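Scroll down for the structure; my scribbles are underneath it.
Protein chains: 4
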Amino acid sequence: MEEIRTIRNYVAGEWREPDASGTLDVENPSTRAIIGRVPLSTAAEVDSAVTAAGRAFEGWSVTPVTRRVEPLFRLLRMLQENEETISRTLTEEMGKSLPDARAEMKRVYQNIEAACGAPILQNGESMIGTATGIDGETIMAPMGVFAAVTPFNFPAMAPFWFIPYAIAAGNTFVCKPSELTPLTMELLARFIDRAGFPPGVFNLVNGDKSAASALIEHPGVVGVSFVGKSDTCRIVAARCAENNKRCQAMGSAKNHLVVMPDYEHIGALIRNMSTSCYGCAGQRCMASSVIVGVSEEVYRRVSDRFIEESKSFIVADPLDPDMADEPMLMGPVISETAREFVYRMIESGVREGATLALDGRDPADLEDGYYVGPTVFTDVTPEMTIYKTEIFAPVVCILKVDTIDEAIGLVNAHPLSNACSIYTRGGYYARKFKLEARCGMIGINVGIPAPVPFLPFGGIDNSMHCDIKMQGKSAFRFFTHEKVVVERFWEE
Amino acid sequence: MEEIRTIRNYVAGEWREPDASGTLDVENPSTRAIIGRVPLSTAAEVDSAVTAAGRAFEGWSVTPVTRRVEPLFRLLRMLQENEETISRTLTEEMGKSLPDARAEMKRVYQNIEAACGAPILQNGESMIGTATGIDGETIMAPMGVFAAVTPFNFPAMAPFWFIPYAIAAGNTFVCKPSELTPLTMELLARFIDRAGFPPGVFNLVNGDKSAASALIEHPGVVGVSFVGKSDTCRIVAARCAENNKRCQAMGSAKNHLVVMPDYEHIGALIRNMSTSCYGCAGQRCMASSVIVGVSEEVYRRVSDRFIEESKSFIVADPLDPDMADEPMLMGPVISETAREFVYRMIESGVREGATLALDGRDPADLEDGYYVGPTVFTDVTPEMTIYKTEIFAPVVCILKVDTIDEAIGLVNAHPLSNACSIYTRGGYYARKFKLEARCGMIGINVGIPAPVPFLPFGGIDNSMHCDIKMQGKSAFRFFTHEKVVVERFWEE
Amino acid sequence: MEEIRTIRNYVAGEWREPDASGTLDVENPSTRAIIGRVPLSTAAEVDSAVTAAGRAFEGWSVTPVTRRVEPLFRLLRMLQENEETISRTLTEEMGKSLPDARAEMKRVYQNIEAACGAPILQNGESMIGTATGIDGETIMAPMGVFAAVTPFNFPAMAPFWFIPYAIAAGNTFVCKPSELTPLTMELLARFIDRAGFPPGVFNLVNGDKSAASALIEHPGVVGVSFVGKSDTCRIVAARCAENNKRCQAMGSAKNHLVVMPDYEHIGALIRNMSTSCYGCAGQRCMASSVIVGVSEEVYRRVSDRFIEESKSFIVADPLDPDMADEPMLMGPVISETAREFVYRMIESGVREGATLALDGRDPADLEDGYYVGPTVFTDVTPEMTIYKTEIFAPVVCILKVDTIDEAIGLVNAHPLSNACSIYTRGGYYARKFKLEARCGMIGINVGIPAPVPFLPFGGIDNSMHCDIKMQGKSAFRFFTHEKVVVERFWEE
Amino acid sequence: MEEIRTIRNYVAGEWREPDASGTLDVENPSTRAIIGRVPLSTAAEVDSAVTAAGRAFEGWSVTPVTRRVEPLFRLLRMLQENEETISRTLTEEMGKSLPDARAEMKRVYQNIEAACGAPILQNGESMIGTATGIDGETIMAPMGVFAAVTPFNFPAMAPFWFIPYAIAAGNTFVCKPSELTPLTMELLARFIDRAGFPPGVFNLVNGDKSAASALIEHPGVVGVSFVGKSDTCRIVAARCAENNKRCQAMGSAKNHLVVMPDYEHIGALIRNMSTSCYGCAGQRCMASSVIVGVSEEVYRRVSDRFIEESKSFIVADPLDPDMADEPMLMGPVISETAREFVYRMIESGVREGATLALDGRDPADLEDGYYVGPTVFTDVTPEMTIYKTEIFAPVVCILKVDTIDEAIGLVNAHPLSNACSIYTRGGYYARKFKLEARCGMIGINVGIPAPVPFLPFGGIDNSMHCDIKMQGKSAFRFFTHEKVVVERFWEE
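Residue numbers (the numbering used here), protein chains in the order written: chain S, 1383 to 1874; chain P, 1383 to 1874; chain A, 1383 to 1874; chain H, 1383 to 1874.
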């Protein structure tokens, strides 16, 4: 029997045994097997990571940008070569299907690729002649030590929304991954370790909320990237503001899919929608969990077809060899706590009068993991708790409206409308929707409108506390400050 | 005798008489004459302005950007044609010299000019082929009602750091100017009124801290621009973060001028430094108030020459006809309170051991206004209160260091180092300073490194609470959110 | 009776009487009245203009960009204030309707507005750390004297595609307008004269091909903007290449309108198409002159409705007071020569087998001007001369195809496909068309897809000889060269 | 004895045996050994390459940009892994030192890295609301088949100035390398072959001027990148213009190094200058071959020290194992023809009155290769042939002037002033020089101001026939046309 290993921290270029401050078990949610132990790092351990990062900043921030991207190119290659190993680890601790894990890794690569553009994307501006004999220049200057506190649902991608850009831009970094899924980031850190960064440029500390707080509050940290629940985002953002730190805090979501009467290709559409709702068992900020049919007829037809499609999903352990690469496979939710919350939500839906058209509770023969099957509510109204709350599970609410204006009204009234999509074939409604729907990310016939890493990513309102979005050029703006130089030399 | 007029608010395209909630006197600081009364607007009046702006947003945000800049072009022309009238009002209530007032207006014009670039600067990106058949697009989308709370020292420029960009970008606006200098903005609003904006796009409410708070806290406001003391900035920023509003809060400054031994043109240099220290009686965030001589010899020579130059400034009422356009004229500080604070600071300098090489207290024959003459401390050390505190007056501290590294160390240790400048003829030290000095704005042989409005403006650390700077392209980023569209159409 | 005035040149800030080298009459094409005389400037006169521009370049190119835009802002205002006068002159010599003349002026304004963005749009890039201690910088440097030879059909807009950008960027300029319509540019030059540019920054020389050649070949000219026939463009471009001059040469066009079967709003569509075909009597490079119906049914329906709509146009003198602001008014073509060519083309169409569904020759009661009424050919095939040739008149060819691929094939096979448009309601065909149709400018439900001056303008293939397009940011690239600075200072 | 191999062409994804049209020997210039045979491809072979590229364009141009960069990332890695093999081949056929060959490969990598930024750098713009309900969009659209004719002196870098960008942007490519150094590109093509591009995306044809002409004139080629002598550039550019093809033609150079009296660090400076003059035996367009001393004293001192430094260069076979990595090693010029030309030039210098201070002809013991040692002329004047002509060899002219204005005058009067550098410690002269010297690339204390591939590269005047420069963002502009879409959908 394999011994259960305790994860280590990575600080100042070294793998560090945790202090005796305790550990938590890491479970495989598909089997409840214990697959590791995550240390609960103390404030002192967090401090040593920030201190190491602070020291590394001195040299790294003045390393030419052309040099800073070299280890990123190497890291990219190593991750691509080890995709299968990483994906399996990711699936084992998180529960998403292997194809979903591999798709997550593709996003990791593209974020690194985008960050490798630093020698162009980080350039400032030069203005000759702001006045006679005086020139202006802007410098996108690195700022210091940045920190990220990342969630369980994207154990690889979420940290890589931040790490490559922050580092390419000349900052140093401390990452604290979710204590529910720390194995993937530990594995990724092994490749970072071999990519050739100077010690301290990247640091990994494990732990729970207490370590997260210590990191966010640390005076040596100049900026924080956080992904979690909206309520926590608000607290993190306020604490950062009080201490004049940069902050990007990405929170909860309740994304709507609006179906117009002119849609065609109903098969493609229903498949697209179900992928959005059930991928990663609904545990992603870009997952849709609300379907809005515009007109009685659309509502009826989409409900029927969507419920039918939902039944064809297979709920199973994604590492079951018989299920390998099964496209319609759905794994468990992350934990017992999560499943209990989902059940409570389903009960509230029934209690508040929605029709439970498909009940995913207690799928047969799956006693070992935290499984919830596809669940669909029809006759949902905006006052219901299941509509107002992010459930973060394969639970879908279907609503009916009469016009596109009503549909946009729903989207805009929901404070967690991170992303939203419309299905239509005509250009007019597509334009109207993209301009009027108040979301960060808009899909036109795309159920998961997650922008590729070359474009900005992020919500608005309660879904996101930040001024500057993630990914691409925006990421370089978040991880630098715009220094301005005004220069003149007197004639000699 | 002319009657004292009470200023009105401008809401929804109309000039509104204030409620009976009280007024404050507006004084000419050069003469103590009462020149107006500023109403203390109530929360209800603030609410009506925000509501008007909210209503106007619906139409304005979808007005084509090519149309939105048209009234700005007209406004620019009207302000240029009325420069003298506006400048005199500005001088009358604020006390800066007429040339300084005119220079301030030039910045107003350039901010409008930069904002007129909206039809290019607000464009998003288009990405063909994020994946097969799928395209991406970004939209710099207007957000809603923005508000500004602006300070007394730049009654015209400070509001125009925000108004033209916010409005050009499709937002609507509520401005609350300083209750010490509200006349200029009222006058500017008259031109805004005639420029052709739809009612409610721009709104003006007057008042004190209570009105400011009501505005900042109003749920209808999506973002706040604030200029004031650093301590207030921190509070404003935290309140905005809690409510997920955008915030730019520009605070206090203690700007350093570093003189290297290789400087030449000592005459030009000393004149440049004195303009930085004494312009607007030292009441500007870009004013320098610390001179650092690198080497004993430089410290000596610069101290002597600077003190000598300081004596040649003329302290007088800037509207005294005999003083018209006097280049070395310096007016009063803004108020009795301000002067008392300056005096306390001077006393603390003496008490803590600095040498009061030039004492500007109680300049002769100027009993009517709040005058403080050029004041110079030598033998200043970093622990002294006069060094640590923003005095916002013509009070200069001179320090000695031995090396450029020490000088940069001073700059970087000061939490209020908004801007800083070096005087040198060589390229090597210039580069070293611009890269290593941790300030928002760096001058090379330029005492007031205020970037023209076509470049970003803003400090870092305690001088500025924001992620996105003011002016130029940055302003468009602050006043929009980056919406992303992911789009596909199925084959028909 | 008013005396016929001879136009003057404007060189080095002075209005110059022409040499005795002869003149040509300028006719009002609506009435054949002689309304001016245009001098045939000699090579010596051209040389004096280029020399003046060359001298002015020395000072202008180092004037701060913030200053260079000031006269442009003034010019903008003056032109807006004199729109009616300029529009009438334009109509008088060119024959387009007054609303079309005013619309042309709007484009003039927007080109100036875009050029006023120079203090941001001309900025270069700054790269810190290309290698250790070495920085890079790019400068969009002005180049010298640019020249334009502009056509009769846009006497105001065509010169302003170039002048404001070239000058804002720090170059100086010589313009030779069409000898058929020189009065407008002379009038515009009077406002340029009063806008406050230093003498020689802008210069105007009049004349015919001989003056054009002298200007293009002048060794003091670094770049040429030309608008004319494609055959001439080829020659101009080759001559410029031999002499290593920049060149933008915009040539002939045969723009297609493709109508898909899913179109709705046939009324709006037909109106939109007729405006494209008949505005300015078809004399614009963005005019459409080919309609392609996708399917027999569409071809039939569009043909019938378009012919009907064509009959409702009123052919008349646009300055006839009874016709003031008549929206469906169409004036004459530019000259007897032009009309004779149109007639020959119509005859060839009949001869080669097309159906002359509407014959616009010899409209009743219009003996005095060079009028041609709306003319429509159906049953047109790609081999016919009327399809292959740019007629530059209100002569429309209608073709039938069976699929969108065939329609795109037609567009892509035509060497003069400057712009093209599709009418469809669905997003799929719109995307397919915009990606696959090989044109410079693509319209989706827009008959005249002329980009606003904030976006680039220009064709490809035989319609345009250039690497860099006109308008907006592109214009700044054409009028500057990208100078790169690589900089290091040794430690002292 | 190893058999002499004949190089193959690479067309449509296959290695093709050449037709029987003849071959040329490829010599190692250090030893005169025959190391390969290059086929003289016929017009038919060129045509088959262009045709293959044309076919590949259909699929490649619509492949998502995110996919198009994937093979480039793989190619980058393979080249880095094989750097030593490639560098040795490069040195063997070209004669530059191994460190120079490796440095050339670094530029290859960085050009690929810059091109990998395509998913961001190729994005167009999106403008919402050009008018009511109408939007604008620009697309940087690929154009078709591009071709390059590249020179002997950078057998690896010169093709990679073009290939990665053209291909990343969606075009397909045909490259014809120099017949003097074809082995390197053949080797590079083997890696391209394995990188995963679809067949026909990249094609290689070998040959001499005849193949070059066939390629440039081929109607299937939409644009040409050429590097060679200025006279040929002129012809190539004119032919391209006549056929409306894009053209970048980089020609001859005579780069100046200007030394100001305030320079310090004379040792570093002299070493920097000698590297510029003698690297690659002076055979690079960025090599300096003119030194200008500002003042008699500077002229004297720099001459003396530079001659002394020149003597310390070792002229030898760069593959001689004893010389491995010798930093001051200089190899031969490329051919007997080249050496004869150099000798004629040296003779003309002597004849026209320059002082031959160091004579590099016939270096001892080097009978087997085309060696020329460091050669220095003093007392050179601008009328001399050695000053006016690009010698492309380690032959340096030293001139004296009295002022910086005179020095800039020299630079600006020379039609081949591709790059130029100033040595000074002061910021004033550095700025004056960078603004006033009319060159494409300016060095400040940098003898070879070759911009890293993230910045544009290119000369002006006779050194470069093009509107758009090479490398970085500029390269994407050259390899695309800016398509504009104007779009509206009618309300449904």
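Think of the CB as a built atom: it goes at the ideal place given N, C-alpha and C, for glycine as much as any other residue.
A quick note: this is a predicted structure, and the numbers were derived from the prediction, not measured.
The Cβ-Cβ distance between A1538(S) and E1463(S) does not fall below 8 Å.
At a C-beta separation below 7 Å, E1873(S) has these neighbours in chain H: Y1810. Using a CB distance cut-off of 8 Å, R1489(P) does not count as an interface residue toward chain A. Rounded to whole angstroms, G1610(S) and V1451(S) show a C-alpha spacing of 29 Å. Below 8 Å, too few C-beta pairs join the stretch 1478-1492 of chain A and the stretch 1474-1488 of chain S to call them touching: fewer than three.
One alpha carbon belongs to L1701(P), the other to T1413(P), and they sit about 10 Å apart. Per the C-alpha coordinates, the member of C1498(H), I1689(H), V1834(H) and R1628(H) positioned closest to P1601(H) is R1628(H). Taking 8 Å as the threshold, the shortest C-beta distance from T1554(A) to chain S does not fall below it. Only P1501, I1502, Q1504, N1505, G1506, E1507, S1508, M1509 and I1510 from the stretch 1498-1510 of chain A bring a Cβ to less than 9 Å from some Cβ of chain S.
R1572(H) and L1457(H) have their C-alpha atoms some 10 Å from each other. Scanning chain P for C-beta atoms nearer than 8 Å to the C-beta of C1622(S) yields A1623, reported in chain order. For V1866(A), a Cβ of chain H is located within less than 8 Å of the residue's own Cβ. E1396(H) sits in a strand when the DSSP states are folded into three classes. Among the residues facing chain H, G1395(S) is not included, as its CB has no counterpart in that chain under 8 Å away. The three-state secondary structure of L1422(P), taken from DSSP, is coil. Distance check between L1570(A) and each of N1585(A), C1615(A), F1695(A) and R1721(A) places N1585(A) closest, using alpha-carbon atoms only. Within the stretch 1831-1844 of chain S, contact with chain P at the beta-carbon level (separation under 9 Å) is assigned to P1831, A1832, P1833, V1834, F1836, L1837, P1838, F1839, G1840, I1842, D1843 and N1844.
Residues of chain S with a Cβ closer than 8 Å to the Cβ of L1817(H) are, in chain order, I1510.
In this chain, L1798(S) is not harboured by any beta strand (DSSP E), its DSSP state being neither H nor E. In the three-state scheme derived from DSSP, where H, G and I count as helix and E and B as strand, M1539(P) is classed as helix. Between the stretch 1727-1740 of chain S and the stretch 1762-1782 of chain S, the count of C-beta pairs closer than 8 Å reaches three or more; the two stretches touch. Closer than 8 Å to the CB of A1789(S) there is not a single CB belonging to chain H.
G1506(A) is classed as buried because its beta carbon has at least 16 other beta carbons within 10 Å across all chains shown. Rounded to the nearest angstrom, the gap between the Cα atoms of V1828(A) and R1807(A) is 12 Å.
For R1653(A), not one C-beta of chain P is nearer than 8 Å to its own C-beta.
Judged by DSSP in its simplified three-state form, K1478(S) adopts coil rather than helix or strand. Within its own chain, the residues whose Cβ lies closer than 6 Å to the Cβ of C1622(H), once the five positions on either side in sequence are excluded, are V1606 and C1629, listed in chain order. Chain A has no Cβ within less than 8 Å of the Cβ of A1650(S). Chain-order list of chain P residues neighbouring A1496(A): G1499, P1501 and I1502, by C-beta distance under 9 Å.
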